[in-house]
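Chain order of the listed sequences is A and B.
First residue of the first sequence: 256, per the working numbering; consecutive thereafter.
First residue of the second sequence: 4, per the working numbering; consecutive thereafter.
Structure, as structure tokens:
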Amino acid sequence: MSSCSTPLGDALVLGWWIGELGAAEARRVERHLLSCGSCSARAELLPAVAEDLRGLVREGRLPAVLSPIVVERLQLEGRRIREYRVAPGGGVRCSVGPEDDVVLARLSARFEGVTRLDLLSRVNDGPEQRYADLPFDPAAGELIVAPPTDLLRARPASVERMRLVSVEPQGERLLGEYTFDHSPWPGR
Amino acid sequence: MDPARVEAAVSDQELALRVAGGSDPAAETELVQRLAPRVRLYGLRHLRDAAAADDLVQEALLLTLERLRAGRVRQPERLASFVFGACRLLVRNQRRGTRRRDALLERFAGGLERHAVPDPLRLDEPKLRDCLARLAERERSVLLLTFYAEAPAGEIASRLGLSPDNVRTVRHRAFGRLRRCVEGGAA
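Structure, rendered in structure tokens:
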């Protein structure tokens, strides 16, 4: 494929794909993409990523911290969501049903003064995993974590302990500790 | 010499002139193969639906071939402008529920089948999953909000306590890392 002498940058094409460009700039990008095999081939990654990423989210196969608008969208799409809300210091017995698409751990916490939030997780006596610098809404009062449903479904009976910590110049401040007592779905 | 390589060196405009100049199935096939992915991309952007975008490919390219053959594209060398105008009109019609595809298909039995329209890009899903998992949590969240929730930078910023410019920076960096990873390099 011939290369382009005036290639469109990824940021511009991404802005076009999302609908953030003004009308005139969007038309300029579209005319270029329709006339340029090189730039349009490069831009094809956008719909491909969008489609596959949607599939991964809908089927709960992407480990992620979710924003409430993502959860709302999953609900609107009719996905089956199993949620466990846990307060700091609390615990819950949990499992994954055969029909569940997405499992959510909703960890309540107060985020006042938090600039960097880390999650530490340990299953039974295994090594502690750290998930650093998590995105969070300071006003939300909770962090929504979606572990991969397929991995949870395959997990034997186990206890997972999660800790949310605020990372501060003088050290770490514990915001909450949460216990998930997981059992395989009966009859699995 | 491989005939396909010869065609690859010919510009879109030359192909359009060849189609406009008379029966040239090879030029038509090459033109369809080049334009189909570009029109599909336009359709996916505006219609957000794969089936509707595929319909747009059929409609826009049948219309383009029909007009070229009939000598009704005034400046074949400005093909992109014609295709752009056709796409805009057809997307508007699709949104209004007006369909002209059936009439076009009647005139072109079999639609574009004989031109072997290329398939859309398919990713290796396990690799994409792995590449997404390699991103920083903040980068993954921003991409998820962008591609799944289709949230603009301003809305993501308000949800994550960031500035819109910061979101655009994170989004651009994350997409670049994802591209390098899925295309074979390191994230």
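Even for Gly, the Cβ is constructed at its ideal location relative to N, Cα and C.
### Query
Looking only at DSSP bridge pairs, what is B:F196 linked to?
This structure cannot speak to residue 196 of chain B, because chain B is shown only from 4 to 190.
### Task
Indicate whether A:R334 and A:D356 have their beta-carbon atoms separated by less than 7 Å.
For the purposes of this step, residue 334 of chain A is taken as residue 79 along the first sequence, with counting starting at 1. For the purposes of this step, residue 356 of chain A is taken as residue 101 along the first sequence, with counting starting at 1. Result yes, Cβ atoms of A:R334 and A:D356 sit closer than 7 Å.
#### Entry: Contacting residues, own chain, Cβ-Cβ under 6 Å from A:W272 (five flanking each side not counted)
The residue labelled residue 272 of chain A in the question sits at position 17 within the first sequence. Cβ neighbours of A:W272 beyond the five flanking positions: L301.
### Task
Report the option in A:R316, A:V341, A:V312 and A:L269 whose CA atom is closest to the CA atom of A:E444.
For chain A, the structure presents residues 256 to 443; residue 444 of chain A sits outside this window and is missing.
### Task
Quick one: give me the first and last residue of the beta strand (DSSP E) that B:A63 is part of.
In the second sequence, the residue the question calls residue 63 of chain B occupies position 60. Not the beta strand (DSSP E): B:A63 falls in the alpha helix (DSSP H), residues A53 to R72.
### Task
Measure the C-alpha to C-alpha separation of B:G24 and B:D15 and round it to an integer number of angstroms.
Here residue 24 of chain B is taken as the residue at index 21 of the second sequence, counted from 1. Here residue 15 of chain B is taken as the residue at index 12 of the second sequence, counted from 1. Approximately 14 Å, taken between the alpha carbons.
### Task
Could you work out which residue in A:E314, A:Y339, A:A401 and A:L267 is closest to A:D436 when comparing CA atoms only?
Stepping through the first sequence from its first residue, residue 436 of chain A is reached at position 181. It is A:Y339.
### Query
Taking Cβ-Cβ distances shorter than 7 Å, what residues in chain C pair up with A:Y386?
The chain inventory of the structure shown lacks chain C, comprising the protein chains A and B.
### Task
Note down, in chain order, every chain B residue with its Cβ under 8 Å from the Cβ of A:I324.
Looking up residue 324 of chain A in the first sequence gives position 69. L148, A152, A154, E158 and R162, listed in chain order.
### Task
State the DSSP-derived secondary structure class of B:G179, mapped to helix, strand or coil.
For this step, residue 179 of chain B is matched to residue 176 along the second sequence. The answer is helix: DSSP assigns B:G179 an H, G or I state.
### Task
Tell me, please, whether the CB atom of A:G346 is closer than 7 Å to any CB atom in chain B?
Reading the first sequence from its first residue, position 91 is the one you call residue 346 of chain A. So, not an interface residue.
### Task
Look at B:A83 and A:S260 and say whether their C-beta atoms are less than 7 Å apart.
Residue mapping note: residue 83 of chain B aligns to position 80 of the second sequence, counting from 1. Residue mapping note: residue 260 of chain A aligns to position 5 of the first sequence, counting from 1. No.
### Task
Would you identify the three-state DSSP class for A:Y386, choosing helix, strand or coil?
Reading the first sequence from its first residue, position 131 is the one you call residue 386 of chain A. Here A:Y386 sits in strand by DSSP.
### Query
DSSP state of A:F225, grouped into three classes?
Only positions 256 to 443 of chain A appear in the structure, and residue 225 of chain A is not among them; the question remains open.
### Task
Return the CA-CA distance between B:C184 and A:L288, expressed in angstroms with no decimal places.
For this step, residue 184 of chain B is matched to residue 181 along the second sequence. For this step, residue 288 of chain A is matched to residue 33 along the first sequence. Roughly 24 Å separates the two Cα atoms.
### Message
Whole angstroms are fine: how far does the CA of A:L407 sit from the CA of A:R401?
### Response
The residue given as residue 401 of chain A occupies position 146 in the first sequence. The residue given as residue 407 of chain A occupies position 152 in the first sequence. Here residue 401 of chain A turns out to be Ala, not Arg, going by the sequence shown. Their backbone Cα atoms lie some 10 Å apart in a straight line.
### Query
Cβ of A:L308 within 7 Å of Cβ of B:F178?
In the first sequence, residue 308 of chain A corresponds to position 53, counting from 1. In the second sequence, residue 178 of chain B corresponds to position 175, counting from 1. No, the pair does not count as a contact, with Cβ atoms beyond the cut-off.
### Query
DSSP on A:S413, reduced to helix/strand/coil?
To locate residue 413 of chain A, count along the first sequence from 1; it is residue 158. A:S413: strand per DSSP, three-state reduction.
### chain B within 7 Å of A:A266, Cβ atoms only
In the first sequence, residue 266 of chain A corresponds to position 11, counting from 1. Cβ-Cβ to chain B under 7 Å: yes for A:A266.
### Query
Should B:L65 and B:V35 be called a contact, given that it needs their Cβ atoms to be closer than 7 Å?
On the second sequence, position 62 is the one that residue 65 of chain B refers to. On the second sequence, position 32 is the one that residue 35 of chain B refers to. No, Cβ-Cβ distance for B:L65 and B:V35 is not below 7 Å.
### Query
List, in order along the chain, the chain A residues whose C-beta lies closer than 9 Å to that of B:P79?
Taking the first residue of the second sequence as 1, we reach residue 79 of chain B at position 76. The contacting residues do not exist; B:P79 stays about 13 Å from chain A at best.
### Message
Taking 8 Å as the cut-off, does the stretch 404-418 of chain A touch the stretch 368-381 of chain A (at least 3 CB pairs, one atom from each stretch)?
### Response
yes
#### Entry: Chain-order list of residues whose beta-carbon lies under 7 Å from that of A:S281 (same chain, five-residue window excluded)
Taking the first sequence and counting its residues from 1, one reaches residue 281 of chain A at position 26. The sequence shown places Ala at residue 281 of chain A, not Ser. Only W271 meet the Cβ criterion.
### Task
Would you identify the three-state DSSP class for A:G270, choosing helix, strand or coil?
Taking the first sequence and counting its residues from 1, one reaches residue 270 of chain A at position 15. In this structure, A:G270 counts as helix in the three-state DSSP scheme.
### Message
Please identify, using Cβ separations under 8 Å, the residues of the stretch 117-131 of chain B that lie next to chain A, in order along the chain.
### Response
Answer set for the stretch 117-131 of chain B: P123, L124, R125, L126, E128 and L131.
### Under the three-state DSSP convention, the category A:L331 falls into
Translated into the one-based positions of the first sequence, residue 331 of chain A becomes position 76. Helix at A:L331.
### Message
Using a Cβ-Cβ cutoff of less than 7 Å, which residues in the same chain neighbour B:D5 once the five nearest sequence positions on both sides are dropped?
### Response
Taking the second sequence and counting its residues from 1, the one referred to as residue 5 of chain B is at position 2. Per-residue confidence for B:D5 stands at a pLDDT of 46, beneath the threshold of 50, marking its modelled position as unreliable; the derived number appears in the next sentence. If you ignore the 5 residues before and after B:D5, its C-beta comes within less than 7 Å of no other C-beta in its own chain.
### Task
Use the C-beta contact count for A:G396: other C-beta atoms within 10 angstroms, 16 or more gives buried, fewer gives exposed.
Position 141 of the first sequence, counted from the start, is the residue given in the question as residue 396 of chain A. By the neighbour-count rule (16 or more Cβ atoms within 10 Å), A:G396 is not buried but exposed.
### 4 or more residues per run - each alpha helix (DSSP H) lying fully within the stretch 321-378 of chain A
323-331
#### Entry: Nearest-angstrom Cα separation, counted from A:P441 out to B:V120
As a working note, residue 120 of chain B is residue 117 in the second sequence. As a working note, residue 441 of chain A is residue 186 in the first sequence. Distance between the alpha carbons of B:V120 and A:P441: 49 Å.
### Task
Compare the beta carbon distance of B:A160 and B:V170 with 7 Å and say whether it is the shorter of the two.
What you label residue 160 of chain B is simply residue 157 of the second sequence in a count that begins at 1. What you label residue 170 of chain B is simply residue 167 of the second sequence in a count that begins at 1. Yes, they are a contact pair.
### Query
Are B:P123 and A:E275 touching if we call contact CB-CB under 7 Å?
Position 120 of the second sequence, counted from the start, is the residue given in the question as residue 123 of chain B. Position 20 of the first sequence, counted from the start, is the residue given in the question as residue 275 of chain A. Contact flag unset, no.
### Query
Got a sec? Which residues, its chain only, sit under 8 Å from A:I336 by beta carbon, not counting five neighbours each side?
Here residue 336 of chain A refers to the residue found at position 81 when the first sequence is read from its first residue. Excluding positions up to five away in sequence, the list reads V326, L329, Q330, D355, D356, V357, V358 and L359.
#### Entry: Top-ranked residue by Cα proximity to B:A39, from B:R81, B:E62 and B:L147
Counted from its first residue, the second sequence places residue 39 of chain B at position 36. The closest CA to that of B:A39, considering only B:R81, B:E62 and B:L147, is found on B:E62.
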